[in-house]
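Each residue of the sequence shown is one higher than the last, beginning at 109 in the working numbering.
Every residue gets a Cβ at the ideal spot worked out from N, C-alpha and C, and that includes glycine.
Read the structure below first, then the notes.
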Amino acid sequence: MGTISNDPPATLIQDLKITTQNVSLIFPSRKTERKKSMFLSNIDKVLNFPVETVHFFPSHEDFPPHVAAEKLKTALSELLVPYDFLAGRLRSNPETGRLEIDCNSAGIGFAVASSDYALDDVGDLVYPNPAFGQLICKSVDSLEQDDQPLCIVQVTSFKCGGFAMGVVTNHVTFDGLSFKIFLDNLAAVTAGKPLAVTPCNDRLLLAARSPPCVTFPHHELDKFHDSNPPVIDATSEALDFKVFRLTSDDIASLKEKAKASAIGSHVSDARITGFNVVTALVWHCKALSWDNKESNLDRASTLLYAVNIRPRLIPPLPMSYTGNAVLTAYARATCKEIDEAPFSRLVELVTEGAKRMTDEYARSAIDWGDIYQGFPNGEFLVSSWWKLGFDEVEYPWGRPKYSCPVVFQRKDIILFFPDIDDNNGVNVLVSLPSKEMSKFKTLFHKYLA
Numbered sequence: 109m110g111t112i113s114n115d116p117p118a119t120l121i122q123d124l125k126i127t128t129q130n131v132s133l134i135f136p137s138r139k140t141e142r143k144k145s146m147f148l149s150n151i152d153k154v155l156n157f158p159v160e161t162v163h164f165f166p167s168h169e170d171f172p173p174h175v176a177a178e179k180l181k182t183a184l185s186e187l188l189v190p191y192d193f194l195a196g197r198l199r200s201n202p203e204t205g206r207l208e209i210d211c212n213s214a215g216i217g218f219a220v221a222s223s224d225y226a227l228d229d230v231g232d233l234v235y236p237n238p239a240f241g242q243l244i245c246k247s248v249d250s251l252e253q254d255d256q257p258l259c260i261v262q263v264t265s266f267k268c269g270g271f272a273m274g275v276v277t278n279h280v281t282f283d284g285l286s287f288k289i290f291l292d293n294l295a296a297v298t299a300g301k302p303l304a305v306t307p308c309n310d311r312l313l314l315a316a317r318s319p320p321c322v323t324f325p326h327h328e329l330d331k332f333h334d335s336n337p338p339v340i341d342a343t344s345e346a347l348d349f350k351v352f353r354l355t356s357d358d359i360a361s362l363k364e365k366a367k368a369s370a371i372g373s374h375v376s377d378a379r380i381t382g383f384n385v386v387t388a389l390v391w392h393c394k395a396l397s398w399d400n401k402e403s404n405l406d407r408a409s410t411l412l413y414a415v416n417i418r419p420r421l422i423p424p425l426p427m428s429y430t431g432n433a434v435l436t437a438y439a440r441a442t443c444k445e446i447d448e449a450p451f452s453r454l455v456e457l458v459t460e461g462a463k464r465m466t467d468e469y470a471r472s473a474i475d476w477g478d479i480y481q482g483f484p485n486g487e488f489l490v491s492s493w494w495k496l497g498f499d500e501v502e503y504p505w506g507r508p509k510y511s512c513p514v515v516f517q518r519k520d521i522i523l524f525f526p527d528i529d530d531n532n533g534v535n536v537l538v539s540l541p542s543k544e545m546s547k548f549k550t551l552f553h554k555y556l557a
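Shown next, in the form of structure tokens:
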């Protein structure tokens with residue numbers, strides 16, 4: 109069962125030998141009608157940081173990289189009409205001080221580059237190679253820091269005729285689901301088709317109530333204290349970096365394990381999903397690998413993960429909503445309970461986090477952000493890219509060979525991302541200090557045995 113990539117692949121290239129040919133700006137193809145600024149919700153405004161993804165494409169006879177780049181450039185210009193906010197710039201409202209987007213049509217970035225390698229030389233695309241960051245254009249050097257685009261696309265050609273599309277967006281612009289729709293629309297317009305989905309850009313749909321009304325304790329959130337950093341934050345510790353690969357058979361076995369121990373419990377088969385069982389397994393291993401000289405079993409462990417609130421609101425938010433419509437759910441238990449409870453109980457605790465996310469709970473959390481400055485509060489966060497479907501987008505030159513985030517080592521964030529061969533398998537990226545990683549690995553194998 110579960111296999112581990114302990115070390116980087118033998119063929120891992122750490123320098124992709126990238127040469128940048130051109131960096132330019134793309135502007136909307138025609139004038140847009142929007143007011144000068146876009147409101148950002150309390151969910152949006154705490155996500156002011158970049159998100160980087162890379163999408164790899166094999167060679168295609170009809171669409172060599174330079175042709176694909178020109179088609180993407182034209183399509184992006186067209187998309188900046190319905191997605192006019194993307195061509196804007198972040199600013200603080202001069203009257204309220206609140207973060208917003210100035211919809212000034214200042215443009216997005218577009219870079220064309222090449223690598224001295226063929227795509228096959230890059231090796232295992234699933235392994236989170238830090239060199240993939242070279243496929244991202246992080247800034248437009250000709251612009252001042254406060255005038256940087258909210259989105260930059262880089263097309264990098266490989267010697268074989270394949271290419272990579274690296275995209276960096278500010279997280280205030282999209283969540284994972286709305287970015288997938290953006291990619292669907294990009295693919296459609298590139299193919300000369302109409303939009304696949306008309307985006308809903310009304311961020312006021314997630315505005316706080318007036319007056320704000322916090323009706324739940326929100327243990328998943330914590331206020332900033334003076335100048336203290338967010339609870340979920342980077343660490344200066346030296347970290348081991350490992351990928352735990354679970355096949356579809358492994359996940360099916362975990363589901364059976366949960367069902368077998370669920371007899372007489374409150375957890376239903378409908379809640380024994382792939383995400384829930386993998387998250388429960390990871391929680392068990394992470395909580396019990398904690399390196400502390402004091403007794404670990406009495407310690408409370410809090411798991412965090414994102415929940416899409418679009419269908420949970422009353423009335424439901426449009427699925428085409430472009431902004432961030434995810435909130436943090438939590439599960440909490442003592443390490444003693446995590447160690448001794450049947451697997452079904454861990455799965456049940458995970459599912460309770462999402463079950464808690466009703467319309468009123470979501471509205472209360474949004475209102476909380478109007479009263480307090482805060483951030484998610486927990487031992488670690490599961491960030492799942494597993495089922496977002498970036499690799500299912502159908503471009504004129506076909507689907508990506510693989511799509512992935514450009515990852516970084518964070519002790520408090522565990523990433524789920526898809527497998528390149530097994531559609532229902534998942535890769536779990538864990539970064540921990542060496543001693544904790546050793547415990548995690550032992551617990552992982554023991555639980556799967």
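Beta-ladder partner(s) of residue i, from DSSP
{"i": "Val-159", "result": "Thr-277"}
{"i": "Gly-506", "result": "Tyr-503"}
{"i": "Met-146", "result": "Ile-209"}
{"i": "Cys-308", "result": "Tyr-429"}
{"i": "Gly-486", "result": "Its beta-bridge partners do not exist; DSSP assigns none."}
{"i": "Asp-330", "result": "Phe-483"}
{"i": "Arg-379", "result": "DSSP output for Arg-379 lists no bridge partner at all."}
{"i": "Cys-259", "result": "Thr-277"}
{"i": "Phe-548", "result": "In DSSP, Phe-548 forms no bridge with anything."}
{"i": "Ile-522", "result": "Val-490"}
{"i": "Leu-537", "result": "Val-351, Leu-523"}
{"i": "Phe-271", "result": "Phe-165, Ser-265"}
Residue i vs residue j beta-carbon contact at 8 Å
{"i": "Ala-366", "j": "Ser-452", "result": "yes"}
{"i": "Ala-177", "j": "Val-280", "result": "no"}
{"i": "Leu-457", "j": "Ala-439", "result": "yes"}
{"i": "Arg-311", "j": "Asp-152", "result": "yes"}
{"i": "Leu-347", "j": "Leu-540", "result": "yes"}
{"i": "Phe-266", "j": "Lys-509", "result": "no"}
{"i": "Thr-323", "j": "Lys-179", "result": "no"}
{"i": "Phe-483", "j": "Asp-330", "result": "yes"}
{"i": "Ile-521", "j": "Phe-548", "result": "no"}
{"i": "Gly-217", "j": "Val-189", "result": "no"}
{"i": "His-392", "j": "Tyr-555", "result": "yes"}
{"i": "Ala-437", "j": "Arg-420", "result": "no"}
{"i": "Phe-135", "j": "Gly-215", "result": "yes"}
{"i": "Ile-558", "j": "Val-514", "result": "This structure does not reach residue 558, given that the chain is present from 109 up to 557, and the question cannot be answered."}
Bounding residues of the beta strand (DSSP E) (the contiguous stretch that carries residue i)
{"i": "Pro-513", "result": "510-513"}
{"i": "Leu-411", "result": "408-416"}
{"i": "Thr-127", "result": "126-134"}
{"i": "Ala-437", "result": "434-442"}
{"i": "Arg-199", "result": "197-200"}
{"i": "Ser-222", "result": "216-223"}
Distance, residue j Cα to residue i Cα
{"i": "Ser-250", "j": "Leu-405", "result": "55 Å"}
{"i": "Asp-527", "j": "Asn-535", "result": "6 Å"}
{"i": "Leu-537", "j": "Leu-523", "result": "5 Å"}
{"i": "Asp-499", "j": "Pro-319", "result": "43 Å"}
{"i": "Leu-303", "j": "Ala-296", "result": "6 Å"}
{"i": "Ser-492", "j": "Gln-129", "result": "34 Å"}
{"i": "Ala-118", "j": "His-174", "result": "31 Å"}
{"i": "Ile-479", "j": "Ser-472", "result": "11 Å"}
{"i": "Cys-443", "j": "Leu-454", "result": "11 Å"}
{"i": "Ser-335", "j": "Asp-399", "result": "Summary for Ser-335: the model assigns pLDDT 44, below 50, so the residue's position carries little reliability, and this model does not support an answer."}
{"i": "Asp-229", "j": "Asn-237", "result": "13 Å"}
{"i": "Leu-412", "j": "Phe-147", "result": "27 Å"}
{"i": "Ser-149", "j": "Trp-494", "result": "26 Å"}
{"i": "Ile-126", "j": "Tyr-235", "result": "19 Å"}
{"i": "Gln-256", "j": "Ser-145", "result": "17 Å"}
{"i": "Ile-209", "j": "Val-305", "result": "22 Å"}
{"i": "Ile-380", "j": "Pro-450", "result": "14 Å"}
{"i": "Ser-511", "j": "Cys-211", "result": "29 Å"}
{"i": "Phe-383", "j": "Arg-138", "result": "43 Å"}
Rounded distance between the beta-carbons of residue j and residue i, thought under 8 Å
{"i": "Val-276", "j": "Lys-246", "result": "6 Å"}
{"i": "Thr-430", "j": "Ser-286", "result": "5 Å"}
{"i": "Leu-207", "j": "Leu-198", "result": "6 Å"}
{"i": "Val-390", "j": "Asn-416", "result": "That pair is no contact at about 20 Å."}
{"i": "Asp-292", "j": "Val-501", "result": "6 Å"}
{"i": "Ser-223", "j": "Leu-124", "result": "5 Å"}
{"i": "Cys-308", "j": "Ser-428", "result": "5 Å"}
{"i": "Asp-192", "j": "Ser-213", "result": "7 Å"}
Start-to-end residues for the alpha helix (DSSP H) that takes in residue i
{"i": "Phe-352", "result": "Here Phe-352 belongs to no alpha helix (DSSP H); instead the beta strand (DSSP E) covers 348-354."}
{"i": "Gly-284", "result": "284-298"}
{"i": "Val-458", "result": "451-463"}
{"i": "Leu-187", "result": "173-187"}
Closer than 7 Å: residue i CB and nearest the ligand MG heavy atom
{"i": "Leu-198", "result": "You won't find the ligand MG in this model; it holds no ligand whatsoever."}
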